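Novice:
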Amino acid sequence: MITISVEELVSKLADIPLGKRWVIGIVGPPGSEKSTVAAGLELALNAKISEYVAILAMEVSISMSRFLSLAAYGRERAHRKHSISPD
Numbered sequence: 005m006i007t008i009s010v011e012e013l014v015s016k017l018a019d020i021p022l023g024k025r026w027v028i029g030i031v032g033p034p035g036s037e038k039s040t041v042a043a044g045l046e047l048a049l050n051a052k053i054s055e056y057v058a059i060l061a062m063e064v065s066i067s068m069s070r071f072l073s074l075a076a077y078g079r080e081r082a083h084r085k086h087s088i089s090p091d
């Protein structure tokens with residue numbers, strides 16, 4: 005396991021060539037501010053790089069159908085953000 009600050013991670017990720025998908029896991033016990041760290045990471049990366057960053061929160065008890073619907077929502081959201089309106 006690697007422990008790194010959000011600032012260090014943003015710096016390292018900003019240097020990676022764009023156009024590839026990356027998965028970063030943030031783990032810890034309940035109440036350890038994983039969601040807070042993930043939200044801060046999303047904001048920092050979206051401010052620093054031109055690619056779109058999204059968060060998919062997972063719970064141990066989440067069902068596969070719910071996971072797939074969340075994944076589809078994430079793809080749709082990313083597509084809407086990068087699409088150009090014909091108007």
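Numbering-wise (the numbering used here), the sequence shown opens with residue 5 and increments by one. All residues carry an ideal CB built from backbone N, CA and C; glycine is no exception. Model, not experiment: these values are computed from the prediction.
Tell me the DSSP secondary structure of V14 in three-state form.
Specialist: Here the question's residue 14 lines up with position 10 in the sequence shown. Secondary structure of V14 (DSSP, three-state): helix.
Novice: If we ignore side chains and look at the alpha-carbon of each, how far apart do S73 and A58 end up?
Specialist: Translated into the one-based positions of the sequence shown, residue 73 becomes position 69. Translated into the one-based positions of the sequence shown, residue 58 becomes position 54. A direct Cα-Cα distance of roughly 15 Å separates S73 from A58.
Novice: If you draw a straight line from the alpha carbon of N50 to that of A76, how long is it in whole angstroms?
Specialist: Within the sequence shown, the letter at position 46 stands for residue 50. Within the sequence shown, the letter at position 72 stands for residue 76. Using only the alpha carbons, I get a separation of about 20 Å.
Novice: Any idea if V14 is buried or exposed, counting beta-carbon neighbours within 10 angstroms, 16 or more meaning buried?
Specialist: In the sequence shown, counting from the first residue as 1, residue 14 sits at position 10. A buried status is given to V14, since no fewer than 16 other beta-carbon atoms sit within 10 Å of its beta-carbon.
Novice: Does L60 pass the burial test, meaning 16 or more other C-beta atoms within 10 Å, or should it be called exposed?
Specialist: Sequence index remark: in the sequence shown, residue 60 carries index 56 (1-based). Flag for L60 reads exposed.
Novice: Compute the Euclidean distance between the alpha carbons of I53 and V41, then round it to the nearest angstrom.
Specialist: Start at 1 with the first residue of the sequence shown, and residue 53 comes out as number 49. Start at 1 with the first residue of the sequence shown, and residue 41 comes out as number 37. Those two C-alpha atoms are separated by around 18 Å.
Novice: Using only the alpha-carbon positions, how far apart do A18 and S36 sit?
Specialist: On the sequence shown, position 14 is the one that residue 18 refers to. On the sequence shown, position 32 is the one that residue 36 refers to. Their Cα atoms are separated by approximately 26 Å.
Novice: So T40 is in the alpha helix (DSSP H); what residue range does that whole segment cover?
Specialist: Within the sequence shown, residue 40 is the residue found at index 36, counting from 1. Counting along the chain, the alpha helix (DSSP H) containing T40 begins and ends at 38-52.
Novice: Does the Cβ of G23 have 16 or more other Cβ atoms within 10 Å, making it buried, or fewer, making it exposed?
Specialist: Within the sequence shown, the letter at position 19 stands for residue 23. Looking at its Cβ environment, which holds fewer than 16 other Cβ atoms inside 10 Å, G23 is exposed.
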